[in-house]
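Visitor: In this note's numbering, the protein residues as written are 2 to 101.
Ideal Cβ placement from N, Cα and C applies to all residues, glycine included.
Okay, handing you the structure first.
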């Protein structure tokens with residue numbers, strides 16, 4: 002495993018190289034896609050990207066947790082959490098270690 006992290010800048014640079022758009026247009030395109038995905042998730046929509054995976058928001062109910070150090074019971078408030086479920090193709094690709 003590497004310590005490399007894929008950033009917005011890396012994505013816009015890839016769009017610049019692959020699509021031939023200007024760097025500014027590439028950055029705007031990446032930003033627009035990420036904003037559209039974020040907005041959909043905020044409204045509770047599911048985001049499915051073919052051959053990649055599905056992002057969804059899950060409602061978690063209130064529950065009683067426990068402080069592992071003291072054993073004291075602590076209430077955990079209800080909340081929304083973001084989940085990602087990779088597609089079978091993505092799982093296979095990661096397992097195989099393919100770079101492309």
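Just the Cα atoms here: how many angstroms apart are residue 13 and residue 68?
Guide: As a first step, residue 13 must be located in the chain shown, where it is residue number 12. As a first step, residue 68 must be located in the chain shown, where it is residue number 67. Using only the alpha carbons, I get a separation of about 43 Å.
Visitor: Can you tell which of 71, 87, 65 has its C-alpha closest to the C-alpha of residue 79?
Guide: Counting from 1 along the chain shown, the entry for residue 79 is found at position 78. Nearest C-alpha to residue 79: 65.
Visitor: Is the beta carbon of residue 57 less than 8 Å from the beta carbon of residue 88?
Guide: Stepping through the chain shown from its first residue, residue 57 is reached at position 56. Stepping through the chain shown from its first residue, residue 88 is reached at position 87. No, Cβ-Cβ distance for residue 57 and residue 88 is not below 8 Å.
Visitor: From this set, 32, 55, 77, which residue's C-alpha is nearest residue 42's C-alpha?
Guide: Numbered from its first residue, the chain shown carries residue 42 at position 41. The option with the nearest alpha carbon to residue 42 is 55.
Visitor: Applying the criterion that 16 or more other CB atoms from any shown protein chain within 10 Å of the CB defines a buried residue, is residue 27 buried or exposed?
Guide: Residue 27 sits at position 26 when you count from the first residue of the chain shown. Buried, since its Cβ has 16 or more Cβ neighbours within 10 Å.
Visitor: Quick one, which of 62, 22, 37, 34 has its alpha-carbon nearest residue 77's?
Guide: Reading the chain shown from its first residue, position 76 is the one you call residue 77. It is 62 whose Cα lies nearest to the Cα of residue 77.
Visitor: Leaving out the 5 sequence neighbours to the left and right, which residues in its chain are closer than 7 Å to residue 49 when beta-carbon positions are compared?
Guide: Counting from 1 along the chain shown, the entry for residue 49 is found at position 48. Excluding positions up to five away in sequence, the list reads 55.
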